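J.: Heads up, the sequence shown is in the UniProt record's numbering, so the first residue is 1 and it goes up one at a time. Heads up, the beta-carbon is just placed ideally off N, CA and C, and yes, glycines get one too. No experiment lies behind these values; they were computed from the predicted model shown. Take this structure first; my questions come after.
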Amino acid sequence: MNKKIILVNRPRGPVKETDFKVVSELLNTVLKQGEVLVRVEWISIDPAERVWISGKTSYIPPVTIGTVVKGLGVGYVITSKSPAFKKGNYVSGFLGWQEFATVHFSQLSKLPSYENPQRYLGVLGLTGLTAYFSVTEIARPQKKEVMVVSSAAGAVGSIACQIGKMKGCKVIGICGSDDKAAWLMNTLKIDGCINFKTEKSVSQALRKLCPEGVDIYIDNVGGAILDAVLANIRKNARIVLCGAISSYDHDRAPPIHNYPVAIAMSATLEGFIVWDDYKNRFELAIKQLSRWVQEKKLIHREHVVEGLENAPKALGMVMDGRNFGKMIVRVVHEQPHL
């Protein structure tokens, strides 16, 4: 049998567990040429999934009602009708919220290491790669520049903060709890932090922490925090648009009032989709990220939820900011092996 989670309602406002349904179907082990059957071990929970289930136009087609929820995952090959993969290979790709996935070989990537495969959903996966390219290729920081990172304790933000420090930046994080702020300051050793939930004015708090202004902003949230940072940017600031989680639960994004400041400061605002724009450079980037992890220059934190059936709850936690680090779900199989 194959347990999977399907979408039954398009959420309006915050996601609810009743928007999803757990179903079990007979596992089809008959593959077409080029297909690979993967036993899913870990599932990535990402803010972008909130967009994919909303029906909104995005960089990938939305999830259709009654079908399995899209999501990145890692697992190992059970059977293969492709010479590119053999039984036992660990792979990553869009495996979905299910125990087993049949995927065309062209949609899978072989993991370079089988140790801690869940890392390839986080620090060595698309979140780590998003942070890496946002800082090194788009922001291109210079020593002593001021870098601000929103959702700084999250999967992308925490990696971006550390790369910024490696590049010699003064790094200011924005997060949503005192615990996260303490971790950012004491463990990641960033230079300052703002808890936007307790601060009366993020804009004024930024002005106190970096009176010289902001050179680089790694934006993971959009909305009011983006607006507050825009009010504090310097000439030729670079604003990297990685995500806009503040708007994902709403039909319309909140207005940005300080947009004219970007014109006056000759700022650059650039968005990107990491697997479209940098896929041909993933291998080298993963090697660099892995090297930093091995050298203990890069700290990564995982928030693990047990059980496929808890994936909807995990998505709700991400949207509420209740996760601490990269949110992943471990798929607990009733059968140890096929």
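(1) To the nearest angstrom, how far is the alpha carbon of serine 24 from that of methionine 327?
(2) If you count every other CB in all the chains shown that lies within 10 Å of the CB of threonine 102, and 16 or more means buried, which is it?
(3) Assign histidine 250 to one of two classes, buried (16 or more other C-beta atoms within 10 Å of its C-beta) or exposed (fewer than that).
(4) Measure the beta-carbon distance from alanine 160 to valine 148 and round it to whole angstroms, keeping in mind my assumption that it falls under 8 angstroms.
(5) For the candidate residues Glu334, Arg234, Asn310, whose alpha-carbon lies nearest to that of isoleucine 6?
(6) Output the boundary residues of the beta strand (DSSP E) element that contains aspartate 215.
(7) What are the boundary residues of the alpha helix (DSSP H) that tryptophan 183 is part of?
(8) Going by DSSP, which residues form a beta bridge with glycine 271?
(9) Is it true that the segment 29-44 meets the segment 116-134, where meeting means three or more beta-carbon pairs spaced less than 8 angstroms apart?
(10) Shortest alpha-carbon distance to residue 359 belongs to which of Ile78, Gly164, Ala155, Thr136?
(11) Give the C-beta separation of residue 342 and alanine 253 to the nearest angstrom, bearing in mind that I take them to be a contact with Cβ-Cβ under 8 angstroms.
(12) Does DSSP classify glycine 20 as helix, strand or coil?
(13) Report the partner residues of histidine 104 according to the DSSP bridge assignment.
(14) Based on the DSSP output, what are the partners of tyrosine 90 in its beta bridges?
T.: If we stick to the structure as given:
(1) 24 angstroms
(2) Under this definition threonine 102 is a buried residue.
(3) exposed
(4) Cβ atoms of alanine 160 and valine 148 stay farther apart than 8 angstroms, at about 10 angstroms.
(5) When only C-alpha atoms are compared, the closest one is Asn310.
(6) Here the beta strand (DSSP E) through aspartate 215 covers 214-219.
(7) For tryptophan 183, the enclosing alpha helix (DSSP H) begins and ends at 178-186.
(8) Leu241
(9) yes
(10) Only positions 1 to 338 of the chain appear in the structure, and residue 359 is not among them; the question remains open.
(11) The structure shown does not extend to residue 342, since the chain is modelled only from 1 to 338, so the question has no answer here.
(12) Here residue 20 turns out to be phenylalanine, not glycine, going by the sequence shown. Strand, per DSSP.
(13) Answer by DSSP bridge pairing, in chain order: Glu35.
(14) Tyr76
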